[in-house]
DNA sequence: GGGTACCGACCGTCCGTACGGTCACGTCGT
DNA sequence: ACGACGTGACCGTACGGACGGTCGGTACCC
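Chains as they are written, first to last, in UniProt numbering: chain S, 1 to 244; chain H, 1 to 244.
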């Protein structure tokens, strides 16, 4: 990620080429590694070989940058759900897919995931964050609705949908503190274990949990494809970050 | 929390009275509310009506204060487990107790819990944090061992103990981002739901989950007593903190 | 010539920490 | 009994660096 020699014409952006995207990517990486407070314009500029003023020119303020990161992240996640839902229609499959997805985020779009999860609450109450907050709410409601539908259909044991959703989110959001993509444990293994335990706790017919958890089963495959599709659309792959 | 008029003699401490404990309590509250980076000596001193220099005198540096917070917190948690284990011996009961405990921390010793969970990773890799880290490891191993014992005894379905432990920790650690002690949902309800779902996913005899989750059942009672015991020993009660 | 990307010097503020000093005590030798 | 001495709580100030953001300007393209 060194200063580029400004390639000729053929630009894809709205006007000219700009390092805007580079800056946001570097910011995301920095937040993932050092947190929001630990990230500063000076280091960013140095790393990108540009001036601090350029960053300000593109984003204005630091919190605006975080907001953009938040919103972009949630939009990508919601887009993925659309892809998955087109191919999986049963509540059990969809619920399992949410778990698979949540775990996979630790690998695909990883820096953004870590950055996002570290700083979800930052400015959450401040004005300007309404969009980001409502996108989060949308995602949560999707899961809640799946749980409600499954219960109504008699495939899930009755329970508090909201609490179950938050229980699930916690499991996967916390992963950034311990999961090491370079470590011996693969995401697929984690996903399989999480699905197996969580679904077995929710399903009426517990035997189905194993199928839904299968790392080469239908759900896992659909999820992998959905996630690969988003990636092909131009999202970063990014190198690892290793938590303590 | 205003400057005291220095009460007469009868001191209990090693020498004279000191505001050391007050400072750590205020620090904990600040970290819970604003995070480590958002906490500064100036505000703390102002709030306590003392000088910034006094804080330095007692703790030296900011990270040393955080370390003390970390270690104290984990020691209290480990002490509670001892109490619980003396009264609950079955793997299922003990596992359920860990869930009940994890959820309850959001209410008892709340500020310390939030402060701790917000900043678990801070300086985790730095030298000086080994003690805090090993205490965390101890706690994790206790849960893992319970899972292993339960599986060996045939009461738990086989699975990856480490991953299940981390799945559980995630659920409860994440609570600081959404649980509002002043809100309509009581901890006991959350605990019941979490135990019900998680234990139903792990137990061979799933019907037992309901009993273990019962908010007025044996496990819940023992946990409540253990936690109350710790509280009586002089830990703070502290007022609420409301996340976004 | 108007808009856009970018530069680089600069400013005001904040914050952790260092440091020198005061004061109330407890201790101990005499 | 009393004064010298040591100790630990606490104060006030000042420093030095970092950081977010401002601003006037240049180069380049439509």
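C-beta: ideal position from N, C-alpha, C; glycine also.
Measure the alpha-carbon distance for residue 72 of chain H versus residue 120 of chain S and round it to whole angstroms.
-> Cα-Cα distance, rounded: 27 Å.
Using a Cβ-Cβ cut-off of 8 Å (strictly less than) and excluding sequence neighbours within five positions of residue 188 of chain H, which residues of its own chain qualify?
-> So the list reads 215, 220, once near-sequence residues are dropped.
Report back the beta-carbon spacing between residue 58 of chain S and residue 195 of chain S to the nearest angstrom; my notes put them in contact at under 8 Å.
-> That pair is no contact at about 41 Å.
Using a Cβ-Cβ cut-off of 8 Å, state whether residue 180 of chain S counts as contacting chain H.
-> No, no contact with chain H.
For the region 45 to 128 of chain H, list the alpha helix (DSSP H) runs that are entirely contained and at least 4 residues long, ordered along the chain.
-> As far as the region 45 to 128 of chain H is concerned, its whole alpha helix (DSSP H) runs of at least 4 residues are 52 to 59, 62 to 87, 91 to 104, 110 to 118.
Check each residue of the region 197 to 208 of chain S: if its Cβ is closer than 8 Å to any Cβ of chain H, include it; give the result in chain order.
-> Residues of the region 197 to 208 of chain S that bring their beta carbon within less than 8 Å of a beta carbon in chain H comprise 197, 198, 199, 200, 201, 202, 206, in sequence order.
Would you please verify whether the beta carbon of residue 136 of chain S is less than 8 Å from any beta carbon of chain H?
-> Closer than 8 Å: no.
Determine, using beta-carbon pairs with one atom in the region 146 to 165 of chain S and one in the region 86 to 93 of chain S, whether at least three such pairs fall under 8 Å.
-> Yes, the region 146 to 165 of chain S touches the region 86 to 93 of chain S.
Identify the continuous alpha helix (DSSP H) that holds residue 168 of chain S and give its terminal residues.
-> Here the alpha helix (DSSP H) through residue 168 of chain S covers 161 to 173.
Hey, would you say residue 191 of chain S sits closer than 8 Å to residue 103 of chain S, going by beta carbons?
-> A Cβ-Cβ contact shorter than 8 Å links residue 191 of chain S with residue 103 of chain S.
Report the three-state DSSP secondary structure of residue 198 of chain H (helix, strand or coil).
-> It is helical.
Apart from the five residues on each side of it in sequence, which residues of its chain come closer than 7 Å, Cβ to Cβ, to residue 52 of chain S?
-> Excluding its 5 nearest sequence neighbours in each direction, residue 52 of chain S has C-beta neighbours in its own chain below 7 Å: 41, 42, 45, listed in chain order.
Is residue 202 of chain S near residue 84 of chain S, with beta carbons less than 8 Å apart?
-> Contact: no.
By Cβ distance below 6 Å, which residues in the same chain neighbour residue 146 of chain S in space, the five residues on each side in sequence not counted?
-> Result list for residue 146 of chain S: 91, 94, 95, in chain order.
Under a three-way DSSP split, which group does residue 179 of chain H fall into?
-> Of the three classes helix, strand and coil, the one that applies to residue 179 of chain H here is coil, per DSSP.
Could you name the residues of chain S that residue 167 of chain H contacts, counting a contact when the two beta carbons are closer than 8 Å?
-> Neighbours of residue 167 of chain H across chain S, judged by C-beta separation under 8 Å: 171, 193, 194, 197, 198.
Check the Cβ of residue 177 of chain S against every Cβ in chain H and list those closer than 7 Å, keeping chain order.
-> 120, 121, listed in chain order.
Can you give me the Cβ contacts of residue 48 of chain H inside the same chain, cut-off strictly under 7 Å, excluding the 5 residues immediately before and after it?
-> Excluding residues within five positions, the ones whose Cβ falls inside 7 Å are 1, 19, 22, 23, 26.
Between H:98, H:74, H:193, H:182, which lies nearest to residue 135 of chain H when the distance is taken from Cα to Cα?
-> Of the candidates H:98, H:74, H:193, H:182, the one whose C-alpha sits nearest the C-alpha of residue 135 of chain H is H:74.
Name, please, each residue of chain H whose Cβ falls closer than 8 Å to the Cβ of residue 159 of chain S.
-> Those within 8 Å of residue 159 of chain S in chain H are 193, 196, 197.
Kindly list, in the order they appear in chain S, the residues whose Cβ is closer than 8 Å to that of residue 164 of chain H.
-> Chain S residues near residue 164 of chain H: 193, 197.
What number of angstroms, rounded off, separates the C-alpha of residue 68 of chain S from the C-alpha of residue 111 of chain S?
-> Their backbone Cα atoms lie some 15 Å apart in a straight line.
Which listed residue (S:218, S:63, S:34, S:32) has its alpha carbon closest to that of residue 128 of chain S | With distances taken between Cα atoms, residue 128 of chain S lies closest to S:63.
Give every residue of the same chain whose Cβ lies closer than 7 Å to the Cβ of residue 229 of chain H, excluding the five residues on either side of it in the sequence, and list them in chain order.
-> Only 83 meet the Cβ criterion.
Any chain S beta carbon closer than 8 Å to residue 214 of chain H | False, the Cβ-Cβ gap to chain S never drops below 8 Å.
If you draw a straight line from the alpha carbon of residue 126 of chain H to that of residue 231 of chain S, how long is it in whole angstroms?
-> So the alpha carbons of these two residues sit roughly 35 Å apart.
Looking only at its own chain, which residues have a Cβ that is under 7 Å from the Cβ of residue 78 of chain S, when we skip the five neighbours before and after it?
-> Take residue 78 of chain S, set aside five residues on each side of it, and the residues of its chain with a beta-carbon closer than 7 Å to its own are 135, 138, 139, in chain order.
Count the other CB atoms within 10 Å of the CB of residue 7 of chain H; is the residue buried (16 or more) or exposed (fewer)?
-> Note on residue 7 of chain H: pLDDT 38, under 50, position unreliable in the model; no value is reported.
Listing by chain order, which chain H residues have their CB less than 7 Å from the CB of residue 190 of chain S?
-> The contacting residues are 163.
Would you please state the rounded distance, in angstroms, between the beta carbons of residue 206 of chain S and residue 200 of chain S? I believe it to be under 8 Å.
-> So it is a contact: roughly 5 Å between Cβ atoms.
What whole-angstrom Cβ distance do residue 122 of chain H and residue 66 of chain H have, given they're in contact under 8 Å?
-> The C-beta separation of residue 122 of chain H from residue 66 of chain H comes to about 6 Å, placing the pair in contact by the 8 Å criterion.
Neighbourhood of residue 217 of chain H by C-beta, 8 Å cutoff - its chain only, sequence neighbours within 5 removed | Only 211 meet the Cβ criterion.
Limits of the unbroken alpha helix (DSSP H) element including residue 153 of chain H = Careful: residue 153 of chain H lies outside any alpha helix (DSSP H) and carries neither H nor E.
Tell me whether residue 181 of chain S counts as near the ligand HEM, meaning its Cβ is closer than 7 Å to at least one heavy atom of that ligand.
-> With respect to small molecules bound, the structure shown includes none, and the ligand HEM cannot be examined in it.
Checking contacts by CB at 8 Å: is residue 43 of chain H closer than that to chain S?
-> For residue 43 of chain H, the answer is no, since every Cβ of chain S falls outside 8 Å of its Cβ.
Taking C-beta pairs closer than 8 Å, name the residues in chain H that residue 63 of chain S reaches, listed in chain order.
-> Under the 8 Å cutoff, chain H gives no residues; its nearest Cβ is about 13 Å from residue 63 of chain S.
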